[in-house]
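Residue numbers (this note's numbering), protein chains in the order written: chain A, 9 to 280; chain B, 1280 to 1527.
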């Protein structure tokens, strides 16, 4: 028995991993999820109206081709995310360099910023920017959103920079110093280019995270994807169709990004 | 440049790492063109001493004057000094993201602000000098350890240094690659450049050294010309050290 049991387990695993069984099981699981959602909706008398969805992506009328509201919202989400990511990266690099400066005051400022942001819910941070700093500095809702997202993610990005910079061996600094480079030159020509490969994977995760957390600005009614979804539902009451669709749009964008960057990583991995 | 003859002047230097005293009352004078080999057991402060020469570490007491420039943390002359003093490390410390040619040109181009064409011309001259002109377009990881160390020597020379410091340049190499690096160092010695080498390669020391320095526990125990150092060292400790490394 003792000798046969592992053999039986091996056979069972081989059977489960064979293509027809795997595909059948996979379809069964997905089918059950869809069926339970569908039957749940049926039992509450939900009226599915998928046929009404395409117009929110685009319309083709006598006036010609027009993007629908979901696409406009998506563009706004991407615009918001890209802008926020740009400022988050600049601020994050600054905070990381402060932290690594070796100056007591620099480290103190960086750590204070980091702890302040990391220990606060992003929703509270958004309210701070919009309801407190907004009136004081005359920020509109879009600017407040960009600043909130940039500050929140700058804290996380600064840690990615710090880890990436620290991952470059100390000997590289010594090599750069010994040929007379200043600290700035050593960073720019020697250390930062080498830390890119350490930073790329977590940085991608951070962009995905930022795109997802950009949905939070719907609470102050910035017209991005999630807000569009809410508005469409209050017009049409098609909450199931619209939330499924919005979720799918976010997934398409973030998955495309992850796949694109992992291709990029492979390409760079070959070079060095 | 007042005393034209003296290149390195170390006087009563102490160096601490927290509570640990790495160097104690070290004094040493190196003349222009002199080749000095520093040896001693590990942990004796040899590396620390030469790392103080170009400000990779800073001493806590005493003075170090290199070619008329005082080595001091945060001093303005420090970067000028580092351009005059080349350093070759045990672990090569080449820049892995740059080609061999770029490793050699980045210093002259970014630090000395010379043109790319001139920097490349200079780089190829020195690659020729270390016998690997054909490797210019490869990356460091594609080269053997011995080749990498020769590139590191060329990288320092490209800054047109007047002093070369070697910090155990052959310790990380496979045995069959040690000689190709030592050969380059011997050739370099014949050009009249000032050299300070920390090394256990006693054959090399015998061949090129003008002065042997023996260190132990952060102090210079003995300084002597090689003929005397190898045949009739004064201190017992030095005799013992030599018998240990020469018997094999």
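Beta carbons: idealized from backbone N, C-alpha and C, even for Gly.
In the DSSP assignment, residue 1316 of chain B falls outside any alpha helix (DSSP H) and within the unbroken beta strand (DSSP E) covering 1314-1318. Taking the Cα positions, residue 1512 of chain B is about 14 Å away from residue 1523 of chain B. Close to residue 77 of chain A, with beta-carbon spacing below 7 Å, lies no residue of chain B; the smallest spacing is near 46 Å.
Residue-level contact by beta carbon holds for residue 201 of chain A and chain B, with a gap shorter than 7 Å. In this structure residue 1363 of chain B is buried. Its beta-carbon is surrounded by 16 or more other beta-carbon atoms within 10 angstroms. Comparing alpha carbon positions, the residue from B:1504, B:1316, B:1338, B:1367 closest to residue 1290 of chain B is B:1338. At a cut-off of 7 Å between beta carbons, residue 193 of chain A contacts chain B.
Secondary structure note for residue 1307 of chain B: its beta strand (DSSP E) is the uninterrupted segment 1299-1310. Between residue 1517 of chain B and residue 1506 of chain B, the C-beta spacing is not below 7 Å. For residue 1378 of chain B, the CB contacts under 8 Å within the same chain, skipping 5 residues up- and downstream, are 1415, 1416, 1417, 1418 in chain order. Annotation for residue 1426 of chain B: 1411, 1414 place their beta carbon closer than 7 Å to its own, counting only its chain and skipping 5 residues before and after. Between residue 167 of chain A and chain B, the shortest Cβ-Cβ separation is not below 7 Å. At least 7 Å separates the CB of residue 16 of chain A from every CB of chain B. Counting C-beta pairs with one atom in each stretch, the stretch 191-200 of chain A and the stretch 1382-1392 of chain B have three or more that are closer than 8 Å, which means they touch. In the displayed model, residue 74 of chain A falls within a strand according to three-state DSSP. The C-beta of residue 1343 of chain B comes no closer than 7 Å to any C-beta of chain A. Check the Cα spacing between residue 58 of chain A and each of A:258, A:262, A:252: the tightest is with A:252.
Not flagged as an interface residue toward chain B: residue 172 of chain A, since no C-beta distance is shorter than 7 Å. Judged by DSSP secondary structure, residue 135 of chain A falls within the alpha helix (DSSP H) whose first and last residues are 130-135. Pairwise C-beta distances place the stretch 1289-1305 of chain B out of contact with the stretch 1444-1455 of chain B, as fewer than three of them are shorter than 8 Å.
When Cβ pairs closer than 8 Å are counted between the two stretches, the stretch 1304-1321 of chain B is seen to touch the stretch 1485-1502 of chain B, the count reaching three or more.
The DSSP assignment places complete alpha helix (DSSP H) segments of no fewer than 4 residues inside the stretch 162-235 of chain A at 178-186, 200-221, in order along the chain. Within chain B, the residues placing a beta-carbon under 7 Å from that of residue 188 of chain A are 1358, 1361, 1362, 1386, 1390, 1438, ordered along the chain.
Here the alpha carbons of residue 1445 of chain B and residue 91 of chain A stand approximately 49 Å from one another. In the displayed model, residue 1293 of chain B falls within a strand according to three-state DSSP. By the Cβ neighbour-count rule, residue 15 of chain A is exposed, with fewer than 16 other Cβ atoms within 10 Å of its own.
Taken atom to atom, the span from the alpha-carbon of residue 121 of chain A to that of residue 83 of chain A is near 31 Å.
Bounds of the alpha helix (DSSP H) holding residue 117 of chain A are 112-126. Annotation: the stretch 1434-1518 of chain B contains the following complete segments of the alpha helix (DSSP H) (minimum length 4 residues), in chain order: 1454-1468, 1481-1487, 1505-1510.
For residue 1288 of chain B, DSSP records a beta bridge to B:1308, B:1344. Of the residues assessed, residue 166 of chain A falls on the buried side of the cut-off, its CB having 16 or more other CB atoms within 10 angstroms.
Counted as a single uninterrupted DSSP element, the alpha helix (DSSP H) harbouring residue 31 of chain A occupies residues 27-51. Not a single CB atom of chain B sits nearer than 7 Å to the CB of residue 273 of chain A.
Rounded to the nearest angstrom, the gap between the Cα atoms of residue 103 of chain A and residue 97 of chain A is 10 Å. DSSP places residue 262 of chain A within a helical segment (H, G or I) once states are collapsed to three.
Chain B has a Cβ within less than 7 Å of the Cβ of residue 183 of chain A.
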